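In the UniProt record's numbering, the protein residues as written are 1 to 734.
Heads up, the beta-carbon is just placed ideally off N, CA and C, and yes, glycines get one too.
What you are looking at is a predicted structure, and each value in this text was computed from that prediction instead of being measured.
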């Protein structure tokens, strides 16, 4: 299995312990320390690999002054350790094969080169025990830790996903970002024992909701095993989001409904989502770990194994989260790619969103290089290159801002889209940048990239919810215990009259309208849209824009509005469902290639694929684009020759569409474009109504003024003139 062959020649040392005893069956008592390894074993694969006759252990660790000093510790049911001094070392990897050690055996390591008092977790452990640890002991030199105070690994049989992956084309992808626990903690249809777990995510009620939205992928906040950073734990809070990785190969035990079943339940979740046609994308944090900064650390794994093999030297930090993992080190490249390949190939994951991904292009903390060893290894891997790869293209420093600079295999979170759309709808005039954002951001993603390279978003887990974005002018993070100093101050938000919650019907109506405008712009723009779980339910975090430590009602989704017809939550849900249904049915609105402003080849009418109009129905000029007072723009898309192909390679043909955006606080008269672009336009989406269904579905004549209410987005279907007409004239020019 996996290249490990049980040795046949060398016999284990007769040390008085029966190696065939099942895990946990050994008699408690004094902890023996074995003089040598049972068998040399193999250096690869790293981690614990179980066979029919025993387990191979392999780990990267530093040697002490004597050239040794690495012990494998097998932990029995009473917490007693059986220590094996590892003797074989190949390419810096210590390895041994222990006969009779089978699945279920707990284990860890002691590395005397750094602090032999610390029991260390195998970085490649595929299961681990516990979720609460003594971080004070782990962070105090010389203080002994054991299986009762720190996490240890568990030898595990391989578990594999058996479902077929949906393989949704990028052009059709719509992402739903969610937290495993927060998604279902309050869901009334999910059984209590399953709430907040992997099985809760895959419950039929949740899947039905996702399908009703017309999303195609669920992006889960970190599911890797994680622990609280020492500094946060000292405040009595914990890292709810999970951006504090403890094990890159193990699912978080706290997300299992049954103790010790997190690996199986994760795969069940993946398979259930796949069977529903939904992809699974994981938010992964390979840029830092939970071990904290050098001044406030916890020796749980990597720092006790070989800190210079994994971290930037001298505690250099470009993540803002403590020690930074160094992508310039070979053990890091191997660990990251091994981890990704395991989650993708074995556990069925469809893609990954890389937290602070710029770090991976900054070996040894240097300048960003899109062709760095780690980024190249990921993008060229035969398994990973066929998965969806999403970068958060920045880190905690200005040098790490790399939007648009990743390779062609990558999509990126587009903060320019977020900021531009927020600014437009809160009244910042001018539309020049908006034109790029609505059409896939071709100014950012060149060099052979596509519109889906842009992950468009208005909100995400970090920042305001959609409701809070239109309800608070500033952050309110007092609950985090940092005197409101944490979280960004650059929110680009507005409260429209009162800070926070209010019963004023006019203010509430304006907020809902603006939320619909933001959501519609997101979902109707070219690119890959990502919505944040709960925005469709009108969720609030009470103004907290950094709820990373709030494992409570501040962060959990409130599903109650769904059952209250006419409530803001119910209407926002209906609106989101409608807009996404329209997008899904209209390939012209999510094309796989950039517009070029020219008529498709082979068609002689000269009509471009994309045309921009001002509020007078006249094509935009350069002066219009640079007019900083503009708050209205019209985008006409020709659907006759959609750029891209269907699943069988067939050409795509659609209606032609007109998207009209007006962010002004006053009504305005607009003229819908006439001539070859349309004789009339039928409203399909109107953000002026609660659910987006136009109050009047009568076609609007082209070329004549029509009143567009303040703060409104319209999507209209164009009625094209007969092919023989030009500029609205008859065939004979009359």
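- Residue 363 and residue 116 have their C-alpha atoms roughly 30 Å apart.
- Following the DSSP letters along the chain, one finds residue 264 in no beta strand (DSSP E) but inside the alpha helix (DSSP H) bounded by residues 262-275.
- Residue pairing for residue 636: DSSP places it in a beta bridge opposite 611 and 658.
- A contact is defined here as three or more CB-CB pairs under 8 Å, and the segment 92-111 meets this definition with respect to the segment 52-59.
- Cβ contact annotation for residue 411 (same chain, cutoff 8 Å, sequence separation greater than five): 170, 388, 389, 390, 391, 452, 453, 454, 455 and 528, in chain order.
- For residue 559, the three-state secondary structure derived from DSSP is coil.
- Counting along the chain, residue 54 sits inside the beta strand (DSSP E) bounded by residues 54-60.
- Between residue 432 and residue 625, the CB-CB gap stays under 8 Å.
- Shown here, residue 325 sits in a strand according to DSSP, grouped into three states.
- Under the three-state reduction of DSSP, residue 296 is assigned to strand.
- DSSP places residue 43 outside both helix and strand once states are collapsed to three, so it counts as coil.
- The beta carbon of residue 64 lies closer than 7 Å to those of 112 and 113 in the same chain, with the five residues before and after it left out.
- In the three-state scheme derived from DSSP, where H, G and I count as helix and E and B as strand, residue 530 is classed as strand.
- Looking at the DSSP output, residue 389 bridges to 352 and 410.
- Contact annotation: residue 658 and residue 681 have beta-carbon atoms nearer than 8 Å.
- Nearest neighbour of residue 256 by Cα position, chosen from 553, 196, 647 and 210, turns out to be 196.
- By the 16-neighbour rule on beta-carbons within 10 angstroms, residue 91 is exposed.
- DSSP, read as helix, strand or coil, puts residue 94 in strand.
- The C-beta distance from residue 254 to residue 131 rounds to 5 Å, short enough to fall under 8 Å.
- Counted as a single uninterrupted DSSP element, the beta strand (DSSP E) harbouring residue 175 occupies residues 175-178.
- Listed in chain order, the non-local C-beta contacts of residue 393 below 8 Å within the same chain comprise 357, 358, 401, 402, 403, 404, 405, 406, 412 and 413, local neighbours out to five positions each way being set aside.
- The criterion of a C-beta distance shorter than 8 Å is satisfied by residue 200 and residue 190.
- Around the beta carbon of residue 716, 16 or more other beta carbons lie within 10 angstroms, which makes this residue buried.
- By the 16-neighbour rule on beta-carbons within 10 angstroms, residue 519 is buried.
- Between residue 178 and the set 301, 516 and 220, the nearest pair of CA atoms involves 220.
- Under the three-state reduction of DSSP output, residue 514 falls in the helix class.
- Across the structure, residue 419 and residue 429 are spaced so that their CA atoms are roughly 13 Å apart.
- The beta carbon of residue 516 is closer than 6 Å to those of 575 and 687 in its chain, skipping five residues each way along the sequence.
- Looking at 296, 631, 173 and 557, the one whose alpha-carbon comes closest to that of residue 423 is 631.
- Going by DSSP, residue 456 is part of no alpha helix (DSSP H) but of the beta strand (DSSP E) stretching over 454-457.
- Shown here for residue 525: same chain residues with a beta carbon closer than 7 Å to its own, the five before and five after excluded, namely 437, 438 and 456 in chain order.
- The beta carbon of residue 283 lies closer than 7 Å to those of 219, 220, 221, 222, 353 and 355 in the same chain, with the five residues before and after it left out.
- In this structure, residue 718 sits away from residue 674, with a CB-CB distance that is not shorter than 8 Å.
- Residue 45 places its beta carbon 8 Å or farther from that of residue 61.
- For residue 559 and residue 313, the gap between their C-alpha atoms comes out near 47 Å.
- Bridge partners of residue 251 according to DSSP: 224.
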